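This report refers to the structure that appears directly beneath it.
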Amino acid sequence: MRKEVKDTIINELGQKLKEYPHFYLVDVTGLNAEATSNLRRKCFKSEIKMVVVKNTLLHKAFEASDVDFEPLYCTLKGTTAVLFTHTANVPAKLLKEYTKEGIPALKGAYAEECVYVGADKLSELASLKSKNEVIAEIVALLQSPAKNVVSALQSGANTIHGVLKTLGERPE
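The opening residue of the sequence shown carries number 2 in the numbering used here; numbering runs sequentially from there.
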């Protein structure tokens, strides 16, 4: 591979690292062509960009990045695929489907501005909540007291109306 081609690939990887806030490094050594195609299809359906890369080129893209990816350098061995995503937990949930076979195996990940190294972090990554899920929970928590007050007022309105009506009908 010529130096110009390598530089182009490094630049493209650098752009993807800036474009996508989360990525997973996956070992796809044991996958045959059919299994790789199936994984690519599942990634496409889940809005995950899968790229198989040379470890040295990815290492250089990491070095050129503004973010410190040094803890992930040790994972750059064997055949590596990078799963780029906008939602942190989607690739982890996808990889959990493959845990019985052990292929593809998680090498490391960069999710929610934290570095995760090792296949044992997969369940932790799958349990991460996306930004939208956290916002939805907060909105639900904020709405809960307001709903309680409104329902209390509505049920109390019938009671207050009944009391006032009874008082009004009572002879003086």
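Virtual Cβ for every residue (Gly too), placed ideally from N, Cα, C. All of these numbers come straight from a predicted model, not from anything done at the bench.
In this structure, LEU107 lies away from LEU129, with their beta-carbon atoms at least 8 Å apart. Exposure of CYS75 is indicated by the presence of fewer than 16 other C-beta atoms within 10 angstroms of its C-beta.
In the three-state reduction of the DSSP assignment, GLY15 falls in the helix class.
Distance check between HIS23 and each of VAL53, GLY79, TYR117, ASN12 places TYR117 closest, using alpha-carbon atoms only. Contact check for LEU95 and ALA112: beta-carbon distance about 13 Å, past the 8 Å limit, so the pair fails to qualify. In the structure shown, the three-state DSSP call for LYS132 is helix. Rounded to the nearest angstrom, the Cβ distance from LYS17 to PHE85 is 5 Å, consistent with a contact under 8 Å. Between TYR21 and PRO92, the gap from beta carbon to beta carbon reaches 8 Å or more.
A residue is called buried when at least 16 other Cβ atoms come within 10 angstroms of its Cβ; PRO72 does not meet this threshold and is exposed. Counting the other CB atoms within 10 Å of its CB gives PHE63 a total of 16 or more, which places it among the buried residues. HIS60: member of the alpha helix (DSSP H) spanning 56-65, first to last residue. Taking each of VAL27, THR81, THR80 in turn and checking the Cα distance to ALA120, the smallest one comes out for VAL27. Per DSSP, reduced to three states, the secondary structure at THR37 is helical. Annotation: the continuous alpha helix (DSSP H) that includes LEU123 extends over 123-127. With 16 or more other Cβ atoms inside 10 Å of its own Cβ, LEU58 counts as buried.
In terms of Cα proximity to CYS115, the closest of ALA89, THR81, ILE139, GLU35 is ALA89.
Counting along the chain, LYS108 sits inside the beta strand (DSSP E) bounded by residues 106-112. In this structure, PRO105 sits near LEU40, with a CB-CB distance shorter than 8 Å.
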